[in-house]
Amino acid sequence: MKILLLNPLQVHLVNNKGKIYNRIWTPLSLANCAALLEKDGHDVKIIDANAERLSPLEVSKLTTGFDKIFVTSSTLDRWQCPVIDLDPFLNYVKALREVNDEIYIMGVHGTVKPKEVLELTNAKAIIRGEPELIVLNLCRNKDISKVKGISYKSDGKLFSNESQEFLDLNSLPTPAFHLLPMEKYFYEVLGRNFTLLEGSRGCASRCSFCLLEMYGKGLRVKSPSKLINELETVINKFNVKTAYFMDLEFTFNRSLVMEICDYLIKKKYDFKWTCQTRFDLVDEELLQKMKNSGCELIHFGVEAANDSSLKSLGKGLTIKKIEQGMKMVKKVNIRSACFFLMGSINSTLDDLNDIIKFSKNLNPTYAVFHIAIPYPGTKFYMDVLKNGSRFSDNNLFPEAYVGNIELKKLKKITRKAYIQYYFRPKYIISLILHGQLKYLFQQLKLLLGFISQK
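With the UniProt record's numbering applied, the sequence shown corresponds to residues 1 to 454, in that order.
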């Protein structure tokens with residue numbers, strides 16, 4: 001069977017002032033699907049319109065002759081925080097339908113809202129949850145009523161089959177990197193020759209604002225040998241020199257990280273990497289080993305500026321623990337990117353100003369201030385419904401919720417946070433003294449795009 005997997009061009013909120021929000025990152029979930037399909041004997045093609053900058057019309061001209069087309073609304077790196085504007089994605093689906101009606105939709109949006117996305121796309125079926133096994137089974141079975149994990153319409157009625165069991169990550173073949181334009185991928189803060197890798201899937205924490213519908217409960221971890229094999233593949237076959245381990249809590253399995261670090265240190269590769277984790281999941285010994293193995297940057301979700309707010313968000317962290325962790329990160333000289341949540345449930349202007357103040361005291365290399373999005377399926381979303389608050393709009397995925405602070409005011413103070421953080425003389429001088437002035441220019445490009453929004 002001839003199969004096409006499509007990653008549409010992702011157009012985000014700050015699209016017109018710099019590429020940093022239009023991630024040119026490896027669509028790892030599609031590469032996983034492709035590897036399974038090739039192993040099963042199918043002829044597979046991936047079109048990464050996001051990396052190739054292909055329009056819907058350009059893509060439609062490349063999609064004739066396929067037996068099935070799978071389109072993702074959110075690749076693996078966007079499972080936790082998907083784009084809220086579906087219009088660009090829908091434009092691709094519309095263009096594809098003019099040449100082929102065997103279209104199947106995967107991603108967060110259809111997982112959370114299968115009925116609505118099915119109506120918007122008029123697809124053959126919606127894939128709910130992680131896509132790999134479901135895509136494989138759809139290509140094996142002519143009768144979709146027997147395929148787990150999908151929603152579809154028959155004779156005008158909506159059917160949602162039972163959910164697909166979550167897969168064992170160690171059963172996946174090495175992702176089909178050979179089907180991707182690997183030379184196109186980059187991450188501004190690490191450079192080119194870049195890819196995503198995945199050591200685990202899921203999260204042991206249960207923050208109220210995180211969308212975890214794609215992951216299931218608990219944490220599934222790859223074996224060290226499996227992840228090392230993938231590392232060897234991208235480094236030796238595709239000249240990858242930088243990578244982002246796309247786990248939600250990469251250091252949760254400390255022994256896995258230590259083994260990966262030991263491997264990289266032993267091999268002495270010209271290789272830099274980053275990851276995402278929590279401040280209570282690092283220690284000085286681990287951080288030093290990570291630094292020695294090429295870890296350049298760690299992403300941390302800080303979110304709030306006081307213990308009561310952290311508790312209400314379900315973070316399971318304290319300000320003291322955050323400060324202790326940041327002190328260790330700075331001691332071993334690893335760059336940090338800290339994320340702060342603006343406008344969570346019941347937050348006040350004082351809370352937001354406290355976040356700005358705390359971010360400056362914490363002083364990470366990068367500070368990112370996100371307006372809290374009430375994703376359907378999260379506790380945050382349900383709390384908004386329960387307490388009688390309203391959403392900022394009637395879209396499938398609302399942009400924000402309207403509580404104590406109107407959206408216009410929330411956007412204004414978020415702009416203020418960026419300006420106050422990045423235009424501090426102390427911050428600029430620190431980057432100059434540490435030879436990191438180039439990182440300031442990267443952030444200024446982002447900042448100019450953000451503050452230009454209305």
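Quick reminder that beta carbons are idealized off the backbone N, C-alpha and C, glycines included.
The beta strand (DSSP E) enclosing residue i, as first and last residue numbers
i: residue 296; result: 295-303
i: residue 106; result: 103-106
i: residue 420; result: From DSSP, residue 420 is part of no beta strand (DSSP E) but of the alpha helix (DSSP H) over 407-422.
i: residue 244; result: 242-245
i: residue 345; result: No beta strand (DSSP E) holds residue 345; DSSP gives it neither H nor E.
i: residue 226; result: It is not in any beta strand (DSSP E) - residue 226 instead sits in the alpha helix (DSSP H) that spans 224-238.
i: residue 272; result: 272-277
i: residue 71; result: 68-72
N-terminal and C-terminal residue of the alpha helix (DSSP H) that residue i is part of
i: residue 33; result: 28-39
i: residue 257; result: 254-267
i: residue 430; result: 425-433
i: residue 139; result: 132-140
i: residue 80; result: First-last for residue 80: undefined, no H or E at that position.
i: residue 93; result: 87-97
i: residue 356; result: 349-362
i: residue 57; result: 56-60
i: residue 325; result: 319-331
i: residue 382; result: 379-386
Beta-carbon proximity check, residue i vs residue j, cutoff 8 angstroms
i: residue 246; j: residue 296; result: no
i: residue 1; j: residue 139; result: yes
i: residue 151; j: residue 160; result: yes
i: residue 277; j: residue 300; result: yes
i: residue 455; j: residue 128; result: The chain is shown only over 1 to 454; residue 455 falls outside these bounds and no answer can be derived.
i: residue 219; j: residue 202; result: yes
i: residue 180; j: residue 48; result: yes
i: residue 4; j: residue 89; result: no
i: residue 345; j: residue 380; result: yes
i: residue 37; j: residue 135; result: yes
i: residue 193; j: residue 122; result: no
i: residue 196; j: residue 244; result: yes
i: residue 106; j: residue 64; result: no
i: residue 362; j: residue 302; result: yes
i: residue 124; j: residue 104; result: yes
i: residue 170; j: residue 205; result: no
i: residue 112; j: residue 79; result: no
i: residue 429; j: residue 343; result: no
i: residue 261; j: residue 308; result: no
i: residue 258; j: residue 286; result: yes
i: residue 148; j: residue 164; result: yes
i: residue 360; j: residue 424; result: yes
For residue j and residue i, the rounded distance between their alpha carbons
i: residue 407; j: residue 401; result: 8 angstroms
i: residue 162; j: residue 114; result: 13 angstroms
i: residue 455; j: residue 340; result: This structure leaves residue 455 out entirely; the chain is present only between 1 and 454.
i: residue 191; j: residue 144; result: 43 angstroms
i: residue 185; j: residue 176; result: 15 angstroms
i: residue 350; j: residue 374; result: 21 angstroms
i: residue 116; j: residue 313; result: 28 angstroms
i: residue 221; j: residue 213; result: 18 angstroms
i: residue 9; j: residue 75; result: 11 angstroms
i: residue 398; j: residue 376; result: 9 angstroms
i: residue 388; j: residue 395; result: 18 angstroms
i: residue 207; j: residue 310; result: 9 angstroms
i: residue 41; j: residue 229; result: 22 angstroms
i: residue 384; j: residue 378; result: 10 angstroms
i: residue 225; j: residue 81; result: 29 angstroms
i: residue 271; j: residue 45; result: 29 angstroms
i: residue 85; j: residue 253; result: 35 angstroms
i: residue 335; j: residue 291; result: 10 angstroms
i: residue 415; j: residue 422; result: 11 angstroms
i: residue 182; j: residue 50; result: 12 angstroms
i: residue 95; j: residue 58; result: 9 angstroms
i: residue 348; j: residue 264; result: 46 angstroms
Residues bridged to residue i (per DSSP)
i: residue 203; result: 218
i: residue 251; result: Residue 251 pairs with nothing; no bridge assigned.
i: residue 7; result: 48
i: residue 127; result: 150
i: residue 368; result: 339
i: residue 160; result: 151
i: residue 25; result: The partner list for residue 25 (beta bridge, DSSP) is empty, contrary to what the question assumes.
i: residue 197; result: 245
i: residue 43; result: 2
Rounded Cβ spacing between residue i and residue j (contact assumed at less than 8 angstroms)
i: residue 33; j: residue 131; result: 6 angstroms
i: residue 305; j: residue 369; result: Their Cβ separation, rounded to whole angstroms, is 12 angstroms, which puts residue 305 and residue 369 out of contact at 8 angstroms.
i: residue 282; j: residue 325; result: 6 angstroms
i: residue 280; j: residue 317; result: 6 angstroms
i: residue 411; j: residue 371; result: 7 angstroms
i: residue 60; j: residue 99; result: 5 angstroms
i: residue 456; j: residue 102; result: Since the first residue shown for the chain is 1 and the last is 454, residue 456 is missing from the structure and cannot be characterised.
i: residue 329; j: residue 288; result: Actually they do not touch by this definition, with Cβ atoms about 11 angstroms apart.
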